[in-house]
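Here is the structure we will look at.
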Amino acid sequence: MRVLFIIAVAIASLWLGGCGTGKAYVNLRKPIYLVTEDSFFTGCEKDPAGSGACRESRSQIVRDGVMLWLNHFEKDVRPFVGIVSNRDLVPFGTTNQPIHIMVMPGGCDEVSKKKTILACYFGGDWFSEPHINFTNTAPDHIAANVVAHEFGHALLGSEHYDNEDGTLSIMSEAVPIGGVVVSTDIDRLCWIHKECPKRKPVPKSGKGTK
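Letter 171 of the sequence shown, counting from 1, is numbered 590 in the numbering used here, and no numbers are missing.
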């Protein structure tokens, strides 16, 4: 299934992290919707570039973060992810609960042991749907690598992990600057999700280079 971003409404330091609660619940064969709440665009009305450009820039960051995961799959079968600006735009009967994206200073305090945290993911419960909360609108908070980390919690669950060689991964507790999703992250995703779609071939080391 091709990825489609329905509405386009636009690097974290090592000591700042992200965290998540809740189990991995998404079905990769069913549409996944992200709802950008009004708070996600806080401050755009004062942006020198204009409110519209600011909103598009932040929406693009969300798309970029999600695509760090989806780019590992063949285009014609990768999971469908739609970004909408209102909960009412999510089709009725959608299997996966929509994930709300918002900015709420202090909204991650209950799950953080740090003084400062970039963002956090909550898996939702009987009374609320899942959401990704950014604690600030600064560029090191709303960034593609942070989006990828928090979206990773929706895909994988609340666990943090480092790469096998001990280096920081996109799902490390401290989100690395410029962090990306790598093949071992997709290995873990497909181990959890048996409905994992066909992956792109992983380039062999030394092939195609000069």
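C-beta atoms are modelled at their ideal positions from N, C-alpha and C, and glycine is treated no differently.
Quantities reported herein were computed from a predicted structural model and do not represent experimental measurements.
For C615, does the three-state DSSP call read helix, strand or coil? coil
Evaluate S588 with the Cβ neighbour count: other Cβ atoms within 10 Å of its Cβ, from every protein chain shown; 16 or more gives buried, anything less gives exposed. buried
Since I460 is in the beta strand (DSSP E), which residue starts that stretch and which ends it? Per the sequence presented here, residue 460 reads as Phe, with Ile not at that position. First-last for F460: undefined, no H or E at that position.
Could you tell me which residues DSSP puts in a beta bridge with G501? Y452
Are T556 and T461 closer than 7 angstroms when you measure CB to CB? yes
Determine whether the beta carbon atoms of P616 and V500 lie at a separation below 7 angstroms. no
Using the C-alpha atoms, what's the distance from E569 back to D581? 15 angstroms
I480 - DSSP class collapsed to helix/strand/coil: helix
Within the same chain, show all residues whose beta-carbon is closer than 6 angstroms to that of V621, passing over the 5 residues directly before and after it, in chain order. S602
Looking at C-alpha atoms only, which residue of E592, F492, V566 is the closest neighbour of I480? V566
Please list, in chain order, all residues of the same chain as E515 whose beta carbon is under 8 angstroms from its beta carbon, the five residues on each side excluded. It should be noted that the sequence gives Asn, not Glu, for residue 515. Same-chain partners within the cutoff: Y444, V445, N446, K449, P450, I451, Y452.
Which residues in the same chain as I430 place their Cβ atom closer than 7 angstroms to its Cβ, once the five residues preceding and following it in sequence are excluded? With a pLDDT of 30 at I430, under the threshold of 50, the modelled position of that residue is not reliable, and the figure given next carries that caveat. Excluding sequence neighbours, I430 sits near D559, A562, N564, I596, G597.
Looking at the structure shown, is L537 part of a helix, part of a strand, or coil, going by DSSP? strand
For P510, count neighbouring C-beta atoms within 10 Å of its own C-beta (all shown protein chains included) and say buried if the count is 16 or more, exposed if not. exposed
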